[in-house]
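Numbers 1 to 179, taken from my numbering, label the letters of the sequence shown in order.
Where is the CB? At the ideal position from N, CA and C, for every residue including glycine.
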Amino acid sequence: YGKRRANMVVFIGLLLNLWVLFILWLGGVLPPQPEMNAETGLPVMGSDGRVFFEIRMLTFGATTASMIAYITAQFCDVHIFHYLKKMTKGKHLWLRNNGSTLISQLIDSVAVILITHYYAHALPIAAGEPVLEQLIIFILSAYVFKLTAALLDTIPFYIGTKHLTKYLQIDAEEGGSGS
């Protein structure tokens with residue numbers, strides 16, 4: 001359906017992330033449910049929900065980092081995919097799919113790790129060891145996982161595209177994904 005529809009899907013993903021943040025925020029402003037004693041079934045006195053707020057704080061930071069990285073990487077992915085589609089004249093779906101994904105996921109991995117570390121302070125950094133080396137390990141670990149998933153989804157992507165093109169009666173020459 002083209003670049004415009006792909007960008008709309010990116011925005012829908014962003015809105016869903018904002019919804020998750022809203023629910024977490026709401027959970028923090030509503031009166032807390034007191035901790036219950038398993039034996040008596042009565043509230044434990046002095047329960048302040050400290051763990052909830054620690055998890056909430058880390059989630060806000062990590063989700064913010066994820067949303068910034070997601071929107072940046074997805075817009076890059078859509079742009080690169082359509083650029084490659086134009087360059088290959090609608091052919092070589094494998095190149096468009098993998099090329100755009102491999103570049104955008106590198107951007108995503110770098111952005112989410114660096115933002116999570118520097119903004120949210122939510123990564124388990126070992127004290128006494130060089131921070132840059134640890135960040136590079138986090139980035140490479142995330143990227144290798146994403147690279148593997150992207151390469152493994154090539155054949156299912158081709159099969160799905162073939163069936164959907166036929167099912168939706170899309171002319172591959174005019175607006176479809178090509179092969």
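| Asked | Found |
| --- | --- |
| Does the Cβ of V112 have 16 or more other Cβ atoms within 10 Å, making it buried, or fewer, making it exposed? | buried |
| Count the other C-beta atoms from every protein chain shown that fall within 10 angstroms of the C-beta of M67, then say buried if there are 16 or more, exposed otherwise. | buried |
| Considering only the alpha carbon of each residue, which of T165, F60, M36, A38 lies closest to I23? | F60 |
| Could you pull out every residue in the same chain whose Cβ sits closer than 6 angstroms to the Cβ of F138, ignoring the five residues on either side in sequence? | I113 |
| What do you reckon, are the CB atoms on I107 and T72 nearer than 8 angstroms? | yes |
| For the alpha helix (DSSP H) containing K146, name the first residue and the last one. | 131-152 |
| The alpha helix (DSSP H) with N97 in it runs from where to where? | 93-115 |
| I'd like the span of the alpha helix (DSSP H) that includes N17, first residue to last. | 2-29 |
| Using a Cβ-Cβ cut-off of 6 angstroms (strictly less than) and excluding sequence neighbours within five positions of F157, which residues of its own chain qualify? | N97 |
| Rounded to a whole number of angstroms, what is the C-alpha to C-alpha distance between V110 and M36? | 42 angstroms |
| Can you tell me whether I115 is buried or exposed, with buried defined as 16 or more other CB within 10 angstroms of its CB? | buried |
| Hey, A122 and Q134 are a contact pair by Cβ (cut 8 angstroms); roughly how many whole angstroms apart? | So it is not a contact: roughly 13 angstroms between Cβ atoms. |
| In angstroms with no decimal places, state the Cα-to-Cα distance between F145 and I80. | 21 angstroms |
| Just to confirm, are G13 and Y83 a CB contact at a threshold of 8 angstroms? | no |
| From this set, K89, D77, G128, which residue's C-alpha is nearest L102's C-alpha? | D77 |
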